[in-house]
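Report on the following structure.
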Amino acid sequence: MAQLPSNQQVNQLKEIFTRFDLDSDGSLTHLELAALFRSVGLKPGDEIDTLIAKLDANGNGSIEFEELVNAIFPDSDEEIFIDQEQLMKAFRLFDKDGDGSITPIKLATQMAKLGHPLTYRELNDLMNDIDTDGDGSISFHEFTAVFGMPASEFFGIRTL
Ligand SMILES: [Ca+2]
Ligand SMILES: [Ca+2]
Ligand SMILES: [Ca+2]
Numbered sequence: 001m002a003q004l005p006s007n008q009q010v011n012q013l014k015e016i017f018t019r020f021d022l023d024s025d026g027s028l029t030h031l032e033l034a035a036l037f038r039s040v041g042l043k044p045g046d047e048i049d050t051l052i053a054k055l056d057a058n059g060n061g062s063i064e065f066e067e068l069v070n071a072i073f074p075d076s077d078e079e080i081f082i083d084q085e086q087l088m089k090a091f092r093l094f095d096k097d098g099d100g101s102i103t104p105i106k107l108a109t110q111m112a113k114l115g116h117p118l119t120y121r122e123l124n125d126l127m128n129d130i131d132t133d134g135d136g137s138i139s140f141h142e143f144t145a146v147f148g149m150p151a152s153e154f155f156g157i158r159t160l
């Protein structure tokens with residue numbers, strides 16, 4: 001059985017990825033891959049096209065971090081990507097004004113934008129579930145606790 005990548009391995013890969021993602025758009029293009037090839041002493045050529053064709057799972061012509069990880073650790077699970085950094089990104093998605101808490105209104109607004117409008121009752125239930133200290137808003141800590149569970153899919157966010 002293949003080993004799942006450790007967080008450290010994923011982080012190392014992320015570092016490499018970030019270094020070569022020259023325009024920081026979250027994907028490696030042909031040009032950026034060529035730079036990566038040169039840095040490890042390989043001559044970029046047709047191999048890059050072959051590589052892209054092989055790794056580009058969603059067919060958009062460039063390599064996203066997930067595609068790179070899936071290629072290097074084929075048995076890795078998506079859940080591995082829900083690390084602190086990504087949780088923070090997801091949190092900020094809801095916390096539009098950046099005050100460090102998600103109020104019911106912010107939650108409802110963003111869920112509607114994501115195509116999952118909530119009824120008043122659903123919103124209430126959700127708040128009750130997540131707002132464990134009962135102060136009426138969701139802190140990052142509370143948010144993290146929920147995303148650590150399979151219920152994360154409830155939000156309709158898998159990889160950001
Ligand atoms: Ca890029
Ligand atoms: Ca792609
Ligand atoms: Ca709270």
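Every letter in the sequence shown is one number past the one before it in UniProt numbering, and letter 137, counting from 1, is 137.
Backbone N, C-alpha and C define an ideal beta-carbon position, used for all residues, glycine too.
Item	Value
Sort Ala108, Ile72, Ala53 and Glu67 by Cα distance to Ser6 and report the nearest one.	Ile72
Among the residues of its own chain, which have a CB less than 6 angstroms from the CB of Ile80, if the five just before and after it don't count?	Because Ile80 carries a pLDDT of 47, less than 50, the predicted location of this residue cannot be relied on, and no value is offered for it.
Do Ala35 and Phe20 have their beta-carbon atoms positioned less than 8 angstroms apart in this structure?	yes
For ligand 1, I want to know if Leu28 counts as a neighbour, meaning its beta carbon is within less than 7 angstroms of at least one of the ligand's heavy atoms.	yes
I'd like to check one pair, Ser27 with Ser62: are the Cβ atoms closer than 8 angstroms?	yes
Measure from the alpha carbon of Leu68 to the alpha carbon of each residue in Val10, Ser137 and Gly136, then state which is nearest.	Val10
Give the DSSP bridge partners of Gly62, in chain order.	Reading off the sequence shown, one finds Ser at residue 62, where the question assumed Gly. Its beta-bridge partners do not exist; DSSP assigns none.
To which residues of the same chain is Thr132 closer than 8 angstroms at the C-beta, ignoring the five residues directly before and after it?	Glu142 and Ala145
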